[in-house]
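Step one of this worksheet: look at the structure below.
There are 2 protein chains.
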Amino acid sequence: MLPTPVSMDTTEFRKRGKEMVDYIADYFEQLDKRQVYPDVEPGYLRPLIPDSAPQEPESFEDVLKDVERIIMPGVTHWHSPYFFAYFPTASSFPALLADILSGGIGCIGFSWAASPACTELETVMLDWLGKMINLPEEFLAGKDGEGGGVIQGSASEATLVTLLAARTKTIRCVQSENPELTEADIMSKLVAYASDQAHSSVERAGLIGGVKIKNIPSDDKFTVRGSALKKVLHEDRAAGLIPFFFCATLGTTPCCSFDRLLELGPICNKENIWMHIDAAYAGSAFICPEFRHLLNGVEFADSFNFNPHKWLLVNFDCSAMWVKKRSDLTNAFKLDPLYLQHCHQESGLVTDYRHWQIPLGRRFRSLKMWFVFRMYGVKGLQEYIRKHVKLSHEFENLVLQDKRFEICAEVTLGLVCFRLKGSNELNEALLKSINDARKIHLVPCHLREKFVLRFAICSRTVESVHIQFAWKHISKLATDLLKAQDKQQQ
Amino acid sequence: MLPTPVSMDTTEFRKRGKEMVDYIADYFEQLDKRQVYPDVEPGYLRPLIPDSAPQEPESFEDVLKDVERIIMPGVTHWHSPYFFAYFPTASSFPALLADILSGGIGCIGFSWAASPACTELETVMLDWLGKMINLPEEFLAGKDGEGGGVIQGSASEATLVTLLAARTKTIRCVQSENPELTEADIMSKLVAYASDQAHSSVERAGLIGGVKIKNIPSDDKFTVRGSALKKVLHEDRAAGLIPFFFCATLGTTPCCSFDRLLELGPICNKENIWMHIDAAYAGSAFICPEFRHLLNGVEFADSFNFNPHKWLLVNFDCSAMWVKKRSDLTNAFKLDPLYLQHCHQESGLVTDYRHWQIPLGRRFRSLKMWFVFRMYGVKGLQEYIRKHVKLSHEFENLVLQDKRFEICAEVTLGLVCFRLKGSNELNEALLKSINDARKIHLVPCHLREKFVLRFAICSRTVESVHIQFAWKHISKLATDLLKAQDKQQQ
Numbered sequence: 003m004l005p006t007p008v009s010m011d012t013t014e015f016r017k018r019g020k021e022m023v024d025y026i027a028d029y030f031e032q033l034d035k036r037q038v039y040p041d042v043e044p045g046y047l048r049p050l051i052p053d054s055a056p057q058e059p060e061s062f063e064d065v066l067k068d069v070e071r072i073i074m075p076g077v078t079h080w081h082s083p084y085f086f087a088y089f090p091t092a093s094s095f096p097a098l099l100a101d102i103l104s105g106g107i108g109c110i111g112f113s114w115a116a117s118p119a120c121t122e123l124e125t126v127m128l129d130w131l132g133k134m135i136n137l138p139e140e141f142l143a144g145k146d147g148e149g150g151g152v153i154q155g156s157a158s159e160a161t162l163v164t165l166l167a168a169r170t171k172t173i174r175c176v177q178s179e180n181p182e183l184t185e186a187d188i189m190s191k192l193v194a195y196a197s198d199q200a201h202s203s204v205e206r207a208g209l210i211g212g213v214k215i216k217n218i219p220s221d222d223k224f225t226v227r228g229s230a231l232k233k234v235l236h237e238d239r240a241a242g243l244i245p246f247f248f249c250a251t252l253g254t255t256p257c258c259s260f261d262r263l264l265e266l267g268p269i270c271n272k273e274n275i276w277m278h279i280d281a282a283y284a285g286s287a288f289i290c291p292e293f294r295h296l297l298n299g300v301e302f303a304d305s306f307n308f309n310p311h312k313w314l315l316v317n318f319d320c321s322a323m324w325v326k327k328r329s330d331l332t333n334a335f336k337l338d339p340l341y342l343q344h345c346h347q348e349s350g351l352v353t354d355y356r357h358w359q360i361p362l363g364r365r366f367r368s369l370k371m372w373f374v375f376r377m378y379g380v381k382g383l384q385e386y387i388r389k390h391v392k393l394s395h396e397f398e399n400l401v402l403q404d405k406r407f408e409i410c411a412e413v414t415l416g417l418v419c420f421r422l423k424g425s426n427e428l429n430e431a432l433l434k435s436i437n438d439a440r441k442i443h444l445v446p447c448h449l450r451e452k453f454v455l456r457f458a459i460c461s462r463t464v465e466s467v468h469i470q471f472a473w474k475h476i477s478k479l480a481t482d483l484l485k486a487q488d489k490q491q492q
Numbered sequence: 003m004l005p006t007p008v009s010m011d012t013t014e015f016r017k018r019g020k021e022m023v024d025y026i027a028d029y030f031e032q033l034d035k036r037q038v039y040p041d042v043e044p045g046y047l048r049p050l051i052p053d054s055a056p057q058e059p060e061s062f063e064d065v066l067k068d069v070e071r072i073i074m075p076g077v078t079h080w081h082s083p084y085f086f087a088y089f090p091t092a093s094s095f096p097a098l099l100a101d102i103l104s105g106g107i108g109c110i111g112f113s114w115a116a117s118p119a120c121t122e123l124e125t126v127m128l129d130w131l132g133k134m135i136n137l138p139e140e141f142l143a144g145k146d147g148e149g150g151g152v153i154q155g156s157a158s159e160a161t162l163v164t165l166l167a168a169r170t171k172t173i174r175c176v177q178s179e180n181p182e183l184t185e186a187d188i189m190s191k192l193v194a195y196a197s198d199q200a201h202s203s204v205e206r207a208g209l210i211g212g213v214k215i216k217n218i219p220s221d222d223k224f225t226v227r228g229s230a231l232k233k234v235l236h237e238d239r240a241a242g243l244i245p246f247f248f249c250a251t252l253g254t255t256p257c258c259s260f261d262r263l264l265e266l267g268p269i270c271n272k273e274n275i276w277m278h279i280d281a282a283y284a285g286s287a288f289i290c291p292e293f294r295h296l297l298n299g300v301e302f303a304d305s306f307n308f309n310p311h312k313w314l315l316v317n318f319d320c321s322a323m324w325v326k327k328r329s330d331l332t333n334a335f336k337l338d339p340l341y342l343q344h345c346h347q348e349s350g351l352v353t354d355y356r357h358w359q360i361p362l363g364r365r366f367r368s369l370k371m372w373f374v375f376r377m378y379g380v381k382g383l384q385e386y387i388r389k390h391v392k393l394s395h396e397f398e399n400l401v402l403q404d405k406r407f408e409i410c411a412e413v414t415l416g417l418v419c420f421r422l423k424g425s426n427e428l429n430e431a432l433l434k435s436i437n438d439a440r441k442i443h444l445v446p447c448h449l450r451e452k453f454v455l456r457f458a459i460c461s462r463t464v465e466s467v468h469i470q471f472a473w474k475h476i477s478k479l480a481t482d483l484l485k486a487q488d489k490q491q492q
């Protein structure tokens, strides 16, 4: 007797699935009326639900009621048009539809044989996307290329995977020239580099990989120049270290600055250093010809990554990574137990993506790319990027017209870094009053010694009216703050 | 003018979302009529679709038509009742509903503030699940525990994360006692262990972490005994190595054998070795009191992991991991850039799960657990496990009644390892004829020198009738094969 698995059969699923689709549609229609950042305090949820799982099944109605009662009050609404924090995370209806399909098929595509469609669509979608941003042919899989793309879960994993591939490659290379050196000897001398503006995940990749990782000082535009890298390399070689990996950033997290690939790439190539490019946020913009120049120099790189799940309307997770030589990845990771082998794997025609990533299992994520690319078309996606960039410049102009404020970094894409002219304390107080008011949501960053507010264009549905509202609100809070400060000083 | 983003508004999403729900329901209703393993050859998909993404948007109808035309012919149907390969991957309607909701909310829960509900529901769900399998209290978060659980993407990541935490802990400990040793010195002496039957991801974790990893020989039941571990530890200590991590397996991938925790745990504790338990597949069974004894000894472990996304009806990805001391993880990984800080984080009340895992971003995956646990109830889940175990014994009995065959390892849960008495070539030929016929799908393993067929109970909808069919089919193919062989020998 199996009462429960039967209690939701396909008939019931049809009914409940449609109710859930309506719930999501309602959610999006009413999203601008929900408070963007929740009021709850840490620990709010535990008292609202039982201590342990129920013994007997409960109904879908009861669960859905609890979503509104327990979950929604604690949600930070990333897709609210009043959300300007972090960077965007993508959301679109075609991607949601594809994810329903992916969940239904529910295959695990760790090898070609485990679901050929899952692997093959991914390879072709990464080629489509590579062509959309005009990546050099070497990065594409094509029919018989040495390169190719893969979907990683996040840019952090892309950085880690490429750092590990570079580590293995370097160790083997050094050992072949110096057979007396042990792996541990070499590991202790390896050193990787990234901008002092790079994402914390780069430092973390070094930590995980057990290698030194050093910051390269960025210039006054928060950009790493070739001269800065050269200087550090020179010092480190002199000290007996082995430079092996440089992670360039296009679109840094604090202020969306761009490292100078055209200066850095030739240095890395000459010095036999793996150059990885992390364009997690900015990469999506390269589908527009007017922004593609920011990627110039990618031809010098060994690997490149950006996150369609940030700004290209493909829901999380979908981090696109390409390498010029796929054998660099598979050499670093390949382990082949019999239960994962299949008769086609040595044919040279198939890709077993488990050798390209940290986890073994993988969902059918390329369906999201396929649905989004087809149902928006390249032109639709370009319009979307352009709209966000236009809105960030609109906000930038509002800031520039107010003499109390300053812009802290060049506005290139959808991020505006700004602050009140004055102390860090003043700006911390401003940010606090903004987030306490709960009408919009922002996060800060440090640019050198300065505490700076980040205004990121995030939502798919954000329009000029929301930008105007946000600025009026910020401006009013600043006025209040400055008044209160004047009063205090009197 | 933005024609495309508008072309799928919420009204259209309601319509298409419901069509997609129906498509999935139809898929499940007809799944037993689809061929479980596809006929396609490597490279089949590329010629079926354009070389590059379309410039103009296409319609949902066209995309959905292509799903049937291009995708489905290349899908290995993991949820077909004729799929007996690998281990199960979970699929249930409550989990699918929760995933629609998770996609709709679309929050990224890397910190408490990034979406408090996402973090807090996860902590509580891991407590629920921990109680369901009667984990020692130390592993639960409770209101003020030092331990707690987290959802990882896969068991591979759980093994890697715990190995890295153990590595950092050991390095710090050794350095505090021997300040003259460098990190590189210590790294070169570290050694981790796992059964010779352990999953390949354990070896990979060692590779990634840059530490030695050694196999402990399993006994004739494919089980690691305390004596075997002791012997290797003794040798390695004598050679000046530093043992720091042992990964015990409950339910090995080849044959679902169980390492002897009650012997191994005390050794690890005494020798100051981090014991991690990988119960990826078997863990779900521990919700049944009659299987819980297999987990005895978990009280000696530092960390424990299993995959509800395998056998507990929670769709991929959902790998549940617990640690006794969460500070062991956060000490190993914590990096705190300003853009990820928030005012509550030092309160001691909140969990920032980004410090517990490799990626930064994370989806709202605990919704799946919540929906499944509530809509099945513990009893429903127990019945589900019991049904699978019953079916595996049914298959085992069919094999035992046929004198041509042998059972190769004890059948404890849902996996039967069997083979024709005879050569490996014979069994390879049998497997080939089974998979070539495309009526059912199996994968093999090696047990010592033997090539063995694995028959895993996988599908949510598999019943006795499918087991009987599978056995008749295998038996018939064996007869044909043996006849052909006899003929050849005459």
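Going down the list, the protein sequences come from chains A and B. Be aware that the first sequence starts at 3, since it is given in my numbering, and climbs by one per residue. Be aware that the second sequence starts at 3, since it is given in my numbering, and climbs by one per residue. Glycine included, C-beta positions come from ideal geometry on N, C-alpha and C.
Short CB-CB distance (under 9 Å) between residue i and chain A
| i | result |
| --- | --- |
| K133 (chain B) | yes |
| L128 (chain B) | no |
| Y46 (chain B) | yes |
| W313 (chain B) | no |
Residue closest to residue i, alpha-carbon to alpha-carbon, out of the options
| i | options | result |
| --- | --- | --- |
| L2 (chain A) | A:I188, A:Q32, A:E205 | An answer regarding residue 2 (chain A) cannot be provided, because it is not within the stretch 3 to 492 covered by chain A. |
| I110 (chain B) | A:T121, A:S93, A:I110, A:E396 | A:S93 |
| Q359 (chain B) | B:D146, B:L383, B:A160 | B:A160 |
| R356 (chain A) | A:T121, A:G228, A:G108 | A:T121 |
| L66 (chain A) | B:N426, B:T251, B:W473, B:W372 | B:W372 |
| P361 (chain A) | A:S368, A:C419, A:L162, A:T481 | A:L162 |
| G242 (chain B) | B:K478, B:V193, B:P59 | B:V193 |
| Q37 (chain A) | A:R440, A:S466, A:Q491 | A:R440 |
| S321 (chain A) | A:A472, A:L484, A:F293, A:R367 | A:R367 |
| C460 (chain B) | A:C257, A:G108, A:E182 | A:G108 |
| P59 (chain B) | A:I436, A:Q384, A:E58, A:Q492 | A:Q384 |
Straight-line Cα distance separating residue j from residue i
| i | j | result |
| --- | --- | --- |
| V464 (chain A) | P83 (chain A) | 4 Å |
| S156 (chain B) | V454 (chain A) | 37 Å |
| V391 (chain A) | G106 (chain B) | 25 Å |
| P5 (chain B) | G382 (chain A) | With a pLDDT of 42 at P5 (chain B), under the threshold of 50, the modelled position of that residue is not reliable, and the figure given next carries that caveat. One C-alpha to the other measures close to 7 Å. |
| D261 (chain B) | V234 (chain A) | 50 Å |
| Y386 (chain B) | R376 (chain A) | 40 Å |
| E21 (chain B) | F62 (chain B) | 10 Å |
| C447 (chain B) | E14 (chain A) | 39 Å |
| G416 (chain A) | A186 (chain B) | 43 Å |
| A472 (chain A) | H443 (chain A) | 9 Å |
| A431 (chain A) | A115 (chain B) | 18 Å |
Closer than 9 Å to chain B by CB, residue i
| i | result |
| --- | --- |
| Q57 (chain A) | yes |
| A322 (chain A) | no |
Residue span of the beta strand (DSSP E) that contains residue i, given as start and end
| i | result |
| --- | --- |
| L455 (chain A) | 452-458 |
| R530 (chain B) | There is no way to answer for residue 530 (chain B), as the model of chain B reaches only from 3 to 492. |
| V77 (chain B) | No beta strand (DSSP E) contains V77 (chain B), which DSSP labels as neither H nor E. |
The ligand ADP heavy atom lying under 8 Å from the CB of residue i
| i | result |
| --- | --- |
| P52 (chain B) | No copy of the ligand ADP occurs in the structure displayed, which carries no ligand at all. |
Start-to-end residues for the alpha helix (DSSP H) that takes in residue i
| i | result |
| --- | --- |
| C410 (chain A) | Unbroken run through C410 (chain A): none, as it is neither H nor E. |
Along the chain, which unbroken stretches of the alpha helix (DSSP H) at least 4 residues long are found entirely within the segment 284-368 of chain B? 310-313, 328-335
As an exercise, report each continuous beta strand (DSSP E) stretch of at least 3 residues that is fully enclosed by the segment 197-283 of chain A, in chain order. 214-218, 244-251, 276-280
Only counting runs of 4 or more residues, tell me where the alpha helix (DSSP H) segments fall wholly within the segment 22-73 of chain A, in order along the chain. 62-68
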